[in-house]
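Some notes on the structure that comes next.
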Amino acid sequence: MKKNIMLVVNPISGDMDKSEFVDATAVFAKKENLNLVIYNTSGISDIENIKVLYKTYTPKRIIVVGGDGTIKMVAEAMEEQDVIIGILPAGSANGLAVDLNFPTTIEENLEIAFHHDYMEIDMISINGKKSIHLSDLGINAEMIKNYENGSIRGKWGYALQTLSTLIDLEAPFIATITGDFPTVECEARMIVIANSKKYGTGVSINPNGVMDDGKFELVILKNMDLVVLGKIITGNMPIDVNDVEIISTDKAFVTTNIPVSFQIDGEYCGKETKLNIEILPKQMKVAIPLANSKVT
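Its first residue numbered 7, the sequence shown is counted upward by one per residue in the numbering used here.
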């Protein structure tokens with residue numbers, strides 16, 4: 007009897023047609039003598055539907071066609087199961103795939119998704135919501151809100167919204183950060199809650215990011231003028247404590263003096279004044295390009 011592989015497809019992520027991904031996966035599964043079970047997300051009861059399909063078919067692996075939000079949703083659906091998740095990056099900004107140095111072709115990514123070693127990745131709980139990659143308060147979340155309300159998708163859309171968000175920059179907020187470290191109180195333009203190193207655009211924001219070390223980093227950007235932004239975009243992360251401060255921890259509490267725009271893994275979540283943050287160690291198994299972990 008054939009073993010099953012499950013394919014979870016987000017039809018609208020990245021504003022691109024997914025038929026090429028689905029067709030290529032079907033061909034690959036047939037070559038491997040595996041039965042392919044396909045689920046298209048709809049935004050309605052997806053987690054429950056994926057749970058039911060998993061119990062029905064007990065697939066060998068689950069492969070995700072989408073961005074970070076879709077991967078996170080599948081990870082949440084599978085939190086009680088021992089299953090490896092493969093990734094075919096197809097979001098607006100594929101942060102997790104960029105951070106893990108995934109290749110650019112579907113064929114190479116299929117090989118990884120079906121066969122490669124896995125890494126047990128931490129997740130972060132923020133006010134009870136889960137993050138797998140990068141979340142933040144401040145200017146980037148404001149940009150994502152503007153991007154979601156705009157009409158241009160992809161990197162051009164992000165670039166345009168970066169410029170317009172900087173032009174309409176509001177006053178900095180005051181943040182108080184507590185945990186098992188000296189309390190920090192400062193003016194900030196942006197606070198990143200980072201489980202990894204890079205945004206999906208390739209911009210490195212957290213040089214200390216490791217996704218399976220049981221810690222996350224708070225990257226506090228105190229100054230966000232064009233010079234500092236230019237340094238970040240070109241990969242020259244400023245280390246002047248007057249501009250940037252980085253705290254590595256497994257738990258923290260952030261409060262702000264005013265409501266500040268907040269996003270999780272590229273999805274705008276409204277404005278917040280309090281964030282309760284803690285690491286969730288080894289929450290998901292992800293097939294990765296590097297042959298440095300376990301094989302099943």
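Beta carbons: idealized from backbone N, C-alpha and C, even for Gly. Being a predicted model, the structure only gives us computed values, none of them experimental.
Assuming the contact rule is C-beta atoms closer than 8 angstroms, residue 195 and residue 227 should be a hit. Round their C-beta distance to whole Å, please.
5 angstroms
- Query: Using 9 angstroms as the limit for Cβ to Cβ distance, is residue 117 near chain B?
  - Reply: The question asks about chain B, but that chain is absent: this structure has only one protein chain.
**Prompt:** Going by other Cβ atoms of all chains shown within 10 Å of its Cβ, with 16 needed for buried, is residue 249 buried or exposed?
**Reply:** It counts as buried.
Item checked: Under the three-state DSSP convention, the category residue 115 falls into -> helix
Residue 41 bridges to which residues according to DSSP? DSSP lists 10 as partners of residue 41.
Notebook entry, point to check: Does the stretch 14-24 come close enough to the stretch 41-59 to have 3 or more Cβ pairs within less than 8 angstroms?
Noted result: Three or more Cβ pairs drawn from the stretch 14-24 and the stretch 41-59 lie within less than 8 angstroms of each other, which places the two stretches in contact.
inquiry  = At the level of alpha carbons, what is the spacing between residue 261 and residue 115?
reply    = 40 angstroms
Item checked: Own chain residues within Cβ distance below 8 angstroms of residue 266, not counting five before or after -> Around residue 266: 143, 144, 147, 179, 277, 278 and 279.
* To do: Counting only the same chain and skipping the five closest in sequence on each side, list residues whose C-beta sits under 6 angstroms from that of residue 162.
  => Any reading at residue 162 needs caution, since the residue's pLDDT is 48, under 50, leaving its predicted position unreliable; the model's value is listed next. No residues qualify anywhere along the chain.
Where residue 270 and residue 86 are concerned, what is the direct C-alpha to C-alpha distance, given to the nearest angstrom? 22 angstroms
Rounded to whole angstroms, what is the Cα-Cα separation between residue 299 and residue 259? With a pLDDT of only 44 at residue 299, under 50, the local geometry of the prediction cannot be trusted, and the value read off the model is given with reservation. In a straight line, the C-alpha of residue 299 is about 33 angstroms away from that of residue 259.
DSSP state of residue 152 mapped onto helix, strand, coil: helix
Query - Own chain residues within Cβ distance below 7 angstroms of residue 208, not counting five before or after - result: Once the five neighbours on either side are set aside, the close Cβ partners of residue 208 are 104.
Are the stretch 119-129 and the stretch 282-290 in contact at 8 angstroms, needing three or more beta carbon pairs? yes
* **Pairwise C-alpha distance: residue 252 and residue 200** => 10 angstroms
- Message: Counting C-beta neighbours from all protein chains within 10 Å, is the total for residue 296 16 or more, i.e. buried, or is it exposed?
- Response: exposed
Can you give me the C-alpha to C-alpha distance between residue 133 and residue 203, rounded to a whole angstrom?
22 angstroms
Taking residue 140 as part of the beta strand (DSSP E), name the residues at either end of that continuous run. 140-144
- Query: When DSSP labels each residue in this structure, what does residue 263 get in the three-state scheme?
  - Reply: In this structure, residue 263 counts as strand in the three-state DSSP scheme.
Do the stretch 57-68 and the stretch 18-34 touch if we need at least three Cβ pairs shorter than 8 angstroms?
Inter-segment contact for the stretch 57-68 and the stretch 18-34 is absent: fewer than three beta-carbon pairs are separated by less than 8 angstroms.
- Query: Per DSSP, residue 136 is paired with what?
  - Reply: Residue 136 pairs with 131.
For this session: Answer yes or no: do residue 221 and residue 189 have a C-beta to C-beta separation smaller than 9 angstroms?
Result: no
Which one or two residues does DSSP pair with residue 253 in a beta bridge?
224
Taking the straight line between their C-alpha atoms, what separation do you get for residue 301 and residue 216? Because the pLDDT of residue 301 is 43, which lies under 50, any placement of that residue in the model is unreliable, and the number read from its coordinates should be weighed accordingly. Here the alpha carbon of residue 301 sits roughly 20 angstroms from the alpha carbon of residue 216.
Is residue 57 near residue 136, with beta carbons less than 9 angstroms apart?
In this structure, residue 136 does not lie closer than 9 angstroms to residue 57 by Cβ.
Can you look up residue 76 in the DSSP assignment and give me helix, strand or coil?
In the structure shown, residue 76 sits in a helix (DSSP, three-state: H, G or I).
Q) In chain order, what residues of the same chain lie with their CB nearer than 6 angstroms to the CB of residue 10, ignoring the 5 residues before and after it? A) 41, 43, 63 and 65
- Should residue 39 go down as buried or exposed, given a rule of 16 or more other Cβ atoms within 10 Å for buried? exposed
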